[in-house]
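The structure under discussion appears below in the form of structure tokens.
Okay, structure coming up:
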């Protein structure tokens, strides 16, 4: 059978002029985009403003979430990634608990707070697959595969993670591989 492609696009919820950003997003929608993925968002205020500015655009909105690895990682993102605003309360929390776990906790809390407002979440793991795994297990209802014919549907590690989460058991972590100096996760 033929592949079923869906055209998507990106948007910047941190734009200094959300009216212009919404106009650009409308043009993308009018030209066939069915969904939008945003830059990583760290505050409900930014998300609310973006959703309000784009409310009349009937496309799926997937909000980017980038779990932080700690205080130094938050500073690097805030200082070197244009158009991402890192609120002071994140720095305060990471100063008190400078850990990967706290970064995952911040992402988990944000997702729980906004998931009812959006069509999906795009987690940017940046080779931080333990964070991704932890977040997916937190929201097991989203792990359900909707297309059993796809190769991804046979991903036993995701299915085992869902079953374990539903049974209240710790999930088996995917096996790590080293390839070209990068960590890879075996399906």
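Numbering (the working numbering), first residue to last: 1 to 187. No residue lacks a Cβ here, since even glycine has one placed at the ideal position from N, Cα and C. None of these values were measured; they are calculated from a predicted model.
Next on the checklist: How far does the beta strand (DSSP E) with residue 65 in it extend, from its first residue to its last?
Outcome noted: 60-65 is the extent of the beta strand (DSSP E) around residue 65.
Checklist entry - Buried or exposed: where does residue 11 fall if 16 or more other Cβ atoms within 10 Å of its Cβ makes it buried? => result Looking at its Cβ environment, which holds 16 or more other Cβ atoms inside 10 Å, residue 11 is buried.
Next on the checklist: Using only the alpha-carbon positions, how far apart do residue 64 and residue 110 sit?
Outcome noted: Taking the straight line joining both Cα atoms gives about 11 Å.
Item to check | Length at least 4, wholly inside the segment 72-119: the alpha helix (DSSP H) runs in chain order | outcome: The alpha helix (DSSP H) runs of length 4 or more contained entirely in the segment 72-119 are, from start to end of the chain, 88-96 and 100-114.
Item to check | Selected residue, minimal CA-CA separation from residue 138, among 14, 126, 112 and 117 | outcome: Looking at the Cα atoms, 112 is the closest of the given residues.
Item to check | Between the CA atoms of residue 22 and residue 53 - distance to the nearest angstrom | outcome: Computed Cα separation, rounded: 6 Å.
Checklist entry - Alpha carbon to alpha carbon, how far is residue 13 from residue 39? => result Take the alpha-carbon of residue 13 and the one of residue 39: they are about 7 Å apart.
Item to check | Option nearest residue 81 by Cα separation, candidates 20, 17 and 41 | outcome: When each option's Cα is compared against that of residue 81, the closest is 41.
Checklist entry - Out of 91, 124 and 45, which has the shortest C-alpha to C-alpha gap to residue 114? => result The shortest C-alpha separation from residue 114 is found at 45.
Checklist entry - For residue 123, which residues does DSSP report across the bridge? => result Residue 123 is bridged to 65.
Item to check | Of the residues 107, 59 and 50, the one placed nearest residue 17, counting alpha carbons only | outcome: Taking only the C-alpha atoms, the option nearest residue 17 is 50.
Next on the checklist: Which same chain residues end up closer than 7 Å to residue 132 when comparing Cβ atoms and leaving out the 5 residues on each side of it in sequence?
Outcome noted: Beyond the five residues adjoining it in sequence on each side, residue 132 comes within less than 7 Å, by CB distance, of 123 and 125 in the same chain, given in chain order.
Checklist entry - Are the segment 26-33 and the segment 79-93 in contact at 8 Å, needing three or more beta carbon pairs? => result Using a Cβ-Cβ distance cut-off of 8 Å, the segment 26-33 and the segment 79-93 are not in contact, since fewer than three pairs of beta carbons, one from each stretch, lie closer than that value.
Next on the checklist: Considering just the uninterrupted stretch of the beta strand (DSSP E) at residue 35, what are its terminal residues?
Outcome noted: Going by DSSP, residue 35 is part of the beta strand (DSSP E) stretching over 35-40.
Checklist entry - With 16 other CB atoms within 10 Å as the buried threshold, where does residue 101 fall? => result Flag for residue 101 reads exposed.
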